[in-house]
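**Student:**
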Ligand code: ADP
Ligand code: ZN
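Numbering (my numbering), first residue to last: 34 to 637.
What follows is the structure, given as structure tokens:
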């Protein structure tokens, strides 16, 4: 088959099986390379559509595709979704019982199975390898491929053994996929998996449908309660550092009538699975969780991700916010940060029992996310450059692009702060400095006699939060430094003197007063459904919920919100029209067509 025919064929599969009209990013090129027998490394952001890149070749080629995935939940999720599309797929893992296992083996025998998901350990068993040798294998797909590299963020020893694949099956194409790999990790993946000739496809990491915002972390709970008000009924995750905070926050949200729950490692497995399930089924809207949450879930309609405190690195942060808006619709990410967060995270690193090299890498990573949170220009470009992608144009979907910070002449404020630090003999922390500048008679201030120094109260008219915001910027620009070895006290730097002497002026970004802005539409996603019949949408959702319960699968696996909205917008009354709806392929048409049309006609 030549490339034009192939291209035609894979478009047909995309439409018939998945009900999608066009490929995203580099999907098509990746698929064509695999069909050409080449090895591939695909780096695509979470939600970018990695699965299609090996599923479509698996459907188009003869034989069985083997997919290696690190998590049982991930495997089951993908298998469920494939079954709903009418594709024969299965997963072999420790939770699969004897009879089910036999059925799977049978479907391999009779060549009806197209995709088999297995864990990395499984591939290390010589018996299993030998078994595979006697089968016709179409391709190997290695999901979460960064786990193979110690440079990556989530190294798994089991993954290292995956090098045997190429050794045992040199002629069969391998595709390695990941959503998180900086340059060093990319090179290492290819080396570890013995696929030096792999074609590398790096999709842009920019998630244009996610608008990002960072805020100083004062009165976080109030800010969050305020923020969710405009987002009632939408799905969101709020990440917290501590278990206690997840519980506290969930309580406050529940008090206000939100369908909220908490999730953390201290709960038992069953409880956690239940929360996850209820969240995917839209029975819970908000989950307040420690970072353990979200790894295995593929819920496309998460509308926002909030970080209650600053994450420990940009990889983690970007991975977490990437769980929002996987359906391509508008989504939001909000991060709170403070010096307190920074110090806690730094302490975690110091107190961990890793070696010094590792600690230094972790510290450097922490430093970068701190700079990110404090950045005054495009945040997207900051993150992209972190992952090795360089762009100049403002993104248009981060807070700094949308509402550029107002720059003021901060020379006077900086001089006040520097002078107070000097007169306090460099013995104050950020909070204490603000107290002194604002003329507070707190015990800590009077005990040290700081109410007697000349700068006491000179900055009274500047609100507390503003002062903290300004001082943070002074630290970030190197005019003041924090001495971590001395209780985080503030010290002067070589840059301080020029400012004190009035030889250098200082620009500061004005404190942004947070109003609860109504959500603004940012960039248009490919398929923007603005107008749809809300009553019809509601009826479709109810139908979907009861069907999901009946079949014991998550609601989105039946049809996505976007599909339902599209249907509620075009109101198809026959099968041909329904096929035009987003996410409706032949199999879904066959299974749900009649039911949907009846709902549209109001006959159900
Ligand atoms: P990833 O594995 O990269 O995180 P997935 O493969 O799970 O992402 O895809 C995310 C969502 O995008 C899924 O719901 C998938 O069906 C959908 N998707 C993938 N490719 C396309 C496409 N070309 N057009 C429309 N939707 C797509
Ligand atoms: Zn921007």
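All C-beta atoms, glycine included, are put in the ideal place defined by N, C-alpha and C.
#1: Looking at the structure shown, is residue 557 part of a helix, part of a strand, or coil, going by DSSP?
#2: Alpha carbons only, please: which of 274, 440, 179 is nearest the one belonging to residue 374?
#3: Report yes if the C-beta of residue 247 is less than 6 Å from at least one heavy atom of ligand 2; otherwise report no.
#4: Does the Cβ of residue 480 have 16 or more other Cβ atoms within 10 Å, making it buried, or fewer, making it exposed?
#5: Answer with yes or no whether the minimum CB distance from residue 489 to chain B is below 7 Å.
#6: Nearest CA to the CA of residue 91: which residue from 156, 174, 129, 117?
#7: If I measure Cβ to Cβ from residue 207 and keep anything under 8 Å in the same chain, skipping five residues before and after, which residues do I get?
#8: Give every residue of the same chain whose Cβ lies closer than 6 Å to the Cβ of residue 562, excluding the five residues on either side of it in the sequence, and list them in chain order.
#9: How many angstroms separate the CA atom of residue 166 from the CA atom of residue 153?
#10: For residue 393, count neighbouring Cβ atoms within 10 angstroms of its own Cβ and tell me buried if that reaches 16, exposed if not.
#11: If you draw a straight line from the alpha carbon of residue 422 to that of residue 237, how long is it in whole angstroms?
#12: Might you give, ordered along the chain, the residues of its own chain that have their beta carbon closer than 8 Å to the beta carbon of residue 411, omitting 5 neighbours on each side?
#13: With burial defined as no fewer than 16 other Cβ atoms inside 10 Å of the residue's Cβ, what is the status of residue 554: buried or exposed?
#14: Let me check understanding here. Comparing Cα to Cα, which of 340, 389, 380, 376 lies closest to residue 367?
#15: Below 7 Å CB to CB, which residues in the same chain sit around residue 285 once its five sequence neighbours on both sides are set aside?
#16: Is the beta carbon of residue 75 sitting closer than 7 Å to the one on residue 195?
#17: Sorted by chain position, which residues of the same chain lie with C-beta nearer than 7 Å to residue 235's C-beta, five sequence neighbours on each side aside?
#18: Would residue 621 be called buried (16 or more neighbouring beta carbons within 10 Å of its own) or exposed?
#19: Any idea if residue 418 is buried or exposed, counting beta-carbon neighbours within 10 angstroms, 16 or more meaning buried?
#20: Helix, strand or coil for residue 211, going by three-state DSSP, please let me know.
#21: Near ligand 2, which residues have their beta-carbon closer than 7 Å to a heavy atom?
#22: Look at the alpha carbon of residue 382 and the alpha carbon of residue 188, and state the distance between them as a whole number of angstroms.
#23: Leaving out five residues before and five after residue 608 in sequence, what residues of the same chain have Cβ atoms less than 8 Å from its Cβ?
#24: What's the C-alpha gap between residue 508 and residue 474?
#25: Taking C-beta to C-beta, are residue 502 and residue 544 nearer than 7 Å?
#26: Return yes when the C-beta of residue 74 is under 6 Å from any heavy atom of ligand 1, and no when it is not.
#27: Can you find a heavy atom of ligand 1 that lies under 6 Å from the Cβ of residue 598?
#28: With 16 as the cutoff for other CB atoms within 10 Å, does residue 636 come out buried or exposed?
#29: Give a single yes or no on whether residue 83 has its beta carbon closer than 6 Å to a heavy atom of ligand 1.
#30: Determine the extent of the alpha helix (DSSP H) in which residue 617 is found, giving its start and end residues.
**Tutor:** On the basis of the coordinates in this document:
#1: Numbered from 1 along the chain shown, position 524 holds the residue referred to as residue 557. Here the model assigns residue 557 a pLDDT of 35, short of 50, so the residue's position is not dependable and the matter cannot be decided.
#2: One-based indexing of the chain shown puts residue 374 at position 341. Minimum Cα distance to residue 374 is reached at 274.
#3: The residue labelled residue 247 in the question sits at position 214 within the chain shown. No, the beta carbon of residue 247 sits no closer than 6 Å to any heavy atom of ligand 2.
#4: Counting from 1 along the chain shown, the entry for residue 480 is found at position 447. With fewer than 16 Cβ atoms within 10 Å of its Cβ, residue 480 is classed as exposed.
#5: The structure shown has no chain B; it contains just one protein chain.
#6: As a position in the chain shown, residue 91 is number 58, starting the count at 1. Closest option to residue 91, Cα to Cα, is 174.
#7: Within the chain shown, numbered from 1, the residue matching residue 207 stands at position 174. Result list for residue 207: 72, 73, 172, 173, 174, 175, 198, 199, 226, 228, 231, in chain order.
#8: Residue numbering aside, residue 562 sits at position 529 when the chain shown is read from its first letter. Same-chain partners within the cutoff: 598, 599, 602.
#9: Here residue 166 refers to the residue found at position 133 of the chain shown. Here residue 153 refers to the residue found at position 120 of the chain shown. Approximately 17 Å between the Cα atoms of the pair.
#10: Within the chain shown, residue 393 is the residue found at index 360, counting from 1. Exposed.
#11: Numbered from its first residue, the chain shown carries residue 422 at position 389. Numbered from its first residue, the chain shown carries residue 237 at position 204. Cα-Cα distance, rounded: 8 Å.
#12: Working through the chain shown from its first residue, we reach residue 411 at position 378. Result list for residue 411: 427, 428, 431, 433, 434, in chain order.
#13: Counting from 1 along the chain shown, the entry for residue 554 is found at position 521. Low confidence applies to residue 554: its pLDDT is 41, below 50, so where it sits in the model is not reliable enough to give any reading.
#14: In the chain shown, residue 367 corresponds to position 334, counting from 1. When each option's Cα is compared against that of residue 367, the closest is 340.
#15: Position 252 of the chain shown, counted from the start, is the residue given in the question as residue 285. Once the five neighbours on either side are set aside, the close Cβ partners of residue 285 are 254, 258.
#16: Along the chain shown, one-based indexing puts residue 75 at 42. Along the chain shown, one-based indexing puts residue 195 at 162. No, they are not a contact pair.
#17: Along the chain shown, one-based indexing puts residue 235 at 202. So the list reads 76, once near-sequence residues are dropped.
#18: On the chain shown, residue 621 is found 588 positions in, with the first residue counted as 1. Residue 621 comes out buried.
#19: To locate residue 418, count along the chain shown from 1; it is residue 385. Exposed: under 16 other Cβ atoms inside 10 Å.
#20: Within the chain shown, numbered from 1, the residue matching residue 211 stands at position 178. If DSSP states are grouped into helix, strand and coil, residue 211 belongs with the strands.
#21: 411, 412, 413, 414, 427, 428, 429, 430, 431, 433, 434
#22: On the chain shown, position 349 is the one that residue 382 refers to. On the chain shown, position 155 is the one that residue 188 refers to. Going from the Cα of residue 382 to the Cα of residue 188 covers about 18 Å.
#23: If you number the chain shown from 1, residue 608 lands on position 575. Closer than 8 Å at Cβ, skipping near neighbours: 622, 626, 630.
#24: Position 475 of the chain shown, counting from 1, holds the residue named residue 508. Position 441 of the chain shown, counting from 1, holds the residue named residue 474. Answer to the nearest angstrom: the Cα atoms are 25 Å apart.
#25: Indexing the chain shown from 1 puts residue 502 at position 469. Indexing the chain shown from 1 puts residue 544 at position 511. Yes; because the gap between Cβ atoms is below 7 Å, this pair is in contact.
#26: If you number the chain shown from 1, residue 74 lands on position 41. No, Cβ of residue 74 sits at least 6 Å from all heavy atoms of ligand 1.
#27: On the chain shown, position 565 is the one that residue 598 refers to. No - ligand 1 has no heavy atom lying nearer than 6 Å to the Cβ of residue 598.
#28: Here residue 636 corresponds to residue number 603 of the chain shown, with the count starting at 1. Residue 636 is exposed by the Cβ-count criterion.
#29: Your numbering for residue 83 matches position 50 in the chain shown. True, at least one ligand heavy atom lies under 6 Å from that Cβ.
#30: Start at 1 with the first residue of the chain shown, and residue 617 comes out as number 584. Premise fails: residue 617 is in no alpha helix (DSSP H) and is neither H nor E.
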